[in-house]
Amino acid sequence: MAKTLSPLIIDAITRQDIKYKRTLTIGNYDISNYLIDSNRSFSREFGSAQATFRLNNGDGRFGDGGVNEINIGDIVSYSVYYGVDLTQEFKKFYGFVNQRSISKSSNERNINIICLDYISCTQFMDIDLEVEGTKVLVENETLTPNYLASPNDTLAQVFDFANNGLADNPLPIILIKNKGTAEEDPQYDGFEISYNEGQLKLGFPLSAKDNYDIIATSYYFYTRGIYTEDVLKEILCEPDGYGTYLFKETTEQAFIDNHLIETFQNAEGAVSDTMIPNYTASNIIIETTLTTDVILGATSISVVSTSGFPTVGSGTINGDTFSWTGKTGTTLTGIPSTGSYSLKAHKNTSYVEYSETYSAGRVWYLRYSNLISDHGAGDFTIPGGTFNYLDKRSGRIILDSAITTTSIVKCNANYSFYTLQSNGIQINRISFRSREMENRFEAIKKLKEYCPPNYVIYTRGDNKIWAKLMSQRSVADFTLQLVTSLNYLEDEDLYTRVIFYGKNINPTNLMLGGGCDFVGTGETYKAIASNSELSLLREEGNFYIYGSPVSGIGEITANLIKPKVYVNSVEIDNTSHRIVSQAVVLETVTKTETTQKSGGK
Numbered sequence: 001m002a003k004t005l006s007p008l009i010i011d012a013i014t015r016q017d018i019k020y021k022r023t024l025t026i027g028n029y030d031i032s033n034y035l036i037d038s039n040r041s042f043s044r045e046f047g048s049a050q051a052t053f054r055l056n057n058g059d060g061r062f063g064d065g066g067v068n069e070i071n072i073g074d075i076v077s078y079s080v081y082y083g084v085d086l087t088q089e090f091k092k093f094y095g096f097v098n099q100r101s102i103s104k105s106s107n108e109r110n111i112n113i114i115c116l117d118y119i120s121c122t123q124f125m126d127i128d129l130e131v132e133g134t135k136v137l138v139e140n141e142t143l144t145p146n147y148l149a150s151p152n153d154t155l156a157q158v159f160d161f162a163n164n165g166l167a168d169n170p171l172p173i174i175l176i177k178n179k180g181t182a183e184e185d186p187q188y189d190g191f192e193i194s195y196n197e198g199q200l201k202l203g204f205p206l207s208a209k210d211n212y213d214i215i216a217t218s219y220y221f222y223t224r225g226i227y228t229e230d231v232l233k234e235i236l237c238e239p240d241g242y243g244t245y246l247f248k249e250t251t252e253q254a255f256i257d258n259h260l261i262e263t264f265q266n267a268e269g270a271v272s273d274t275m276i277p278n279y280t281a282s283n284i285i286i287e288t289t290l291t292t293d294v295i296l297g298a299t300s301i302s303v304v305s306t307s308g309f310p311t312v313g314s315g316t317i318n319g320d321t322f323s324w325t326g327k328t329g330t331t332l333t334g335i336p337s338t339g340s341y342s343l344k345a346h347k348n349t350s351y352v353e354y355s356e357t358y359s360a361g362r363v364w365y366l367r368y369s370n371l372i373s374d375h376g377a378g379d380f381t382i383p384g385g386t387f388n389y390l391d392k393r394s395g396r397i398i399l400d401s402a403i404t405t406t407s408i409v410k411c412n413a414n415y416s417f418y419t420l421q422s423n424g425i426q427i428n429r430i431s432f433r434s435r436e437m438e439n440r441f442e443a444i445k446k447l448k449e450y451c452p453p454n455y456v457i458y459t460r461g462d463n464k465i466w467a468k469l470m471s472q473r474s475v476a477d478f479t480l481q482l483v484t485s486l487n488y489l490e491d492e493d494l495y496t497r498v499i500f501y502g503k504n505i506n507p508t509n510l511m512l513g514g515g516c517d518f519v520g521t522g523e524t525y526k527a528i529a530s531n532s533e534l535s536l537l538r539e540e541g542n543f544y545i546y547g548s549p550v551s552g553i554g555e556i557t558a559n560l561i562k563p564k565v566y567v568n569s570v571e572i573d574n575t576s577h578r579i580v581s582q583a584v585v586l587e588t589v590t591k592t593e594t595t596q597k598s599g600g601k
């Protein structure tokens, strides 16, 4: 993030004649003339800053009751200027006074102040916050069974929800329904749910083709997660116990406008942003949202915008793959009503995604991401190419066709953006409860566990809080001159984030353990069961119908082996039997023990 230096400063660097001026403001007072020395340090994990200033306090002006009394909590601003050009400011620190101490000797009186930036300030603020993405309620959905291979193709153990990204709060409500009767059996255990994939796995195979349906009477699914930079924004925007916000702002919007938003020209001191291409093929997801509900087998859908979507293509809605053959500005048309590329039912505001791999030179990146302002083709200089789509979240544009990566592509607009930059990571739900989190700083540490390790939250000397992915740029910001020493850290490891989602094909038999899969027997076999107690199922006229504990996987045949059936240890056959009840006499013997104690002197 190098500012463009003025000709006067460049000339001074070339001549190796460097003079500088320091400006220190505490509260509303410029006390630069009293500054003896200063020191700044930064947290490697967070990028938060701490500054120490030593001031001449010979006349006692900074002590209690002094003319420029320094108090805990006073705002501190520290900047440096090149002596040859006092119009270009380089901000070094912005924070507040955390500690102060006065030192005296025979020939001097000084005051030392320790200052923290506003990231460090969060350790003094509590939090009670829960953040989650957008979720939608679904009721009375019949899950789709994944049938086993023949000859067990009437059985299923794994069932698909119509959606993925299920919410675990509140939990889905599941029941098994008999297709031939009105009997319903609510299930509270005996199954597990893969929430990301949207699948339910029973502990045993079920005759799903002929006998039973699995019904989700109610569940929620996320149509969209929430980006981690947005969660960070929520944490920082929480008021304290007195109704005020960070930087002593009185409203949330004032805090956002003044401390979380910046413009390119103000941040860089340049008029235009020279963009960087993708040097290798890049897979990018373009997304929009539904503006109406979608019914099963719909042949067209209405969305916010089809910008970036091709005229003919395929995409997904909540993991449901579909294709289209035409589009307008807000609709995708020509969707098949049946088949593998037809649509299931989906709720309004669900996200529609289109994925494509773009060749090198077709995607160009701005210096900053998480844009606020809107921009079109007229804001970009693209030699030999045509603007097609702006991805505001990732800070990039996509062209109609690739151009050479040596082209000079520029954004000529002074675009605005959030200082909390995008890292591409979404989470469905996260909570920071006061019983779990000691303070807001601990909440930020918890959030960082979901982020790439090179995503750093930091301050850079101004009155804003920044967050970005730290990485080596392919184009140098500047060339260091007048280097007297150099310290650097080597890469200790490489980091790659890969997220895998998959649908289960072979179910797992939970009764036998997670490592054992039931695929099917693959052959017909016979077995003999003995001494099995039957269970009364129902009454039919003058008959009682009993069932065996043998599951529906097989069948009982009586053509070769005739079962032996016993009632109260009496063997019966298929003829009428009389069971005579007879009175009995019971004799009960009891035993009584008596213990007697006596005492005396």
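One point on numbering: in the UniProt record's numbering, the residue at position 101 of the sequence shown is 101, and numbering is uninterrupted. Cβ atoms here follow ideal geometry from the backbone N, Cα and C, with glycine treated the same way. What you are looking at is a predicted structure, and each value in this text was computed from that prediction instead of being measured.
Of the candidates Asp462, Phe191 and Ser48, the residue whose Cα lies closest to the Cα of threonine 25 is Asp462. Phenylalanine 441 is a Cβ neighbour of serine 120, given a cutoff of 9 Å. Along the length of the segment 314-402, whole alpha helix (DSSP H) runs at least 4 residues long do not occur. The three-state reading of DSSP puts isoleucine 9 in helix, counting H, G and I together.
Runs of the beta strand (DSSP E) lying entirely within the segment 33-114 and spanning at least 3 residues, in chain order: 35-42, 49-56, 75-82 and 85-104. Asparagine 110 places its beta carbon less than 9 Å from that of isoleucine 36.
Pairing proline 310 with proline 7, the inter-Cα distance amounts to about 48 Å.
Counting along the chain, no alpha helix (DSSP H) covers asparagine 140; the unbroken beta strand (DSSP E) around it starts and ends at 134-142.
With a beta-carbon spacing of about 6 Å, tyrosine 418 and leucine 260 fall inside the 8 Å limit used to define contacts. Between the beta-carbon of tyrosine 365 and that of arginine 396 there is about 5 Å, and that keeps the pair under the 8 Å contact cut. Of the other Cβ atoms in all chains shown, fewer than 16 fall within 10 Å of the Cβ of phenylalanine 90; this residue is therefore exposed. In the three-state scheme derived from DSSP, where H, G and I count as helix and E and B as strand, cysteine 121 is classed as helix. Contact between glutamate 229 and leucine 420 holds, since their C-beta atoms are separated by about 4 Å, short of 8 Å. Beta-bridge partners of asparagine 283 (DSSP): Thr357. Between leucine 200 and isoleucine 173, the C-beta spacing is not below 9 Å.
If the five residues before and after threonine 330 are omitted, its C-beta is found closer than 8 Å to the C-beta atoms of Thr291, Ser302, Val303, Val304, Ser305 and Thr306, all from its own chain and listed in chain order. For threonine 325 and phenylalanine 124, the gap between their C-alpha atoms comes out near 57 Å. In the three-state reduction of the DSSP assignment, isoleucine 444 falls in the helix class, which pools H, G and I. In the three-state DSSP reduction, threonine 419 falls in the coil class, being neither helix nor strand.
When DSSP reads this structure, glutamine 187 sits in a beta bridge with Ile174. Taking C-alpha positions only, phenylalanine 387 is separated from threonine 404 by approximately 15 Å. Here leucine 202 carries a strand assignment [DSSP, helix/strand/coil]. Looking only at Thr87, Glu197, Tyr212 and Tyr458, the smallest Cα-Cα distance to arginine 44 is reached by Tyr458. Distance from the CA of isoleucine 372 to the CA of phenylalanine 255, rounded to the nearest whole angstrom, comes to 16 Å. If the five residues before and after tyrosine 227 are omitted, its C-beta is found closer than 6 Å to the C-beta atoms of Gln426, all from its own chain and listed in chain order. When the five nearest sequence neighbours on each side are left out, the beta carbons in the same chain lying within less than 6 Å of the beta carbon of arginine 367 are those of Asp273, in order along the chain. By the 16-neighbour rule on beta-carbons within 10 angstroms, isoleucine 545 is exposed.
Comparing alpha-carbon positions, the option among Ser422, Tyr222, Gly424 and Lys446 lying closest to arginine 433 turns out to be Lys446. Between the segment 154-166 and the segment 206-217 there are three or more C-beta pairs closer than 8 Å, enough to call the two in contact. When secondary structure is reduced to three states using DSSP, glutamine 16 falls in the coil class, being assigned neither helix nor strand. The C-beta distance from isoleucine 284 to tyrosine 358 rounds to 6 Å, short enough to meet the 8 Å contact threshold. Secondary structure note for leucine 260: it is in no alpha helix (DSSP H), with a DSSP letter that is neither H nor E.
Boundaries for glutamate 438: no alpha helix (DSSP H) harbours it, and the DSSP string shows neither H nor E there. Per the DSSP secondary-structure output, alanine 216 pairs in a beta bridge with Glu141 and Ile174. Sequence-distant Cβ neighbours of glycine 27 in its own chain, meaning closer than 6 Å and more than five residues away, are Asp74. Judged by their CB atoms, lysine 344 and threonine 223 are not nearer to each other than the 9 Å cut-off.
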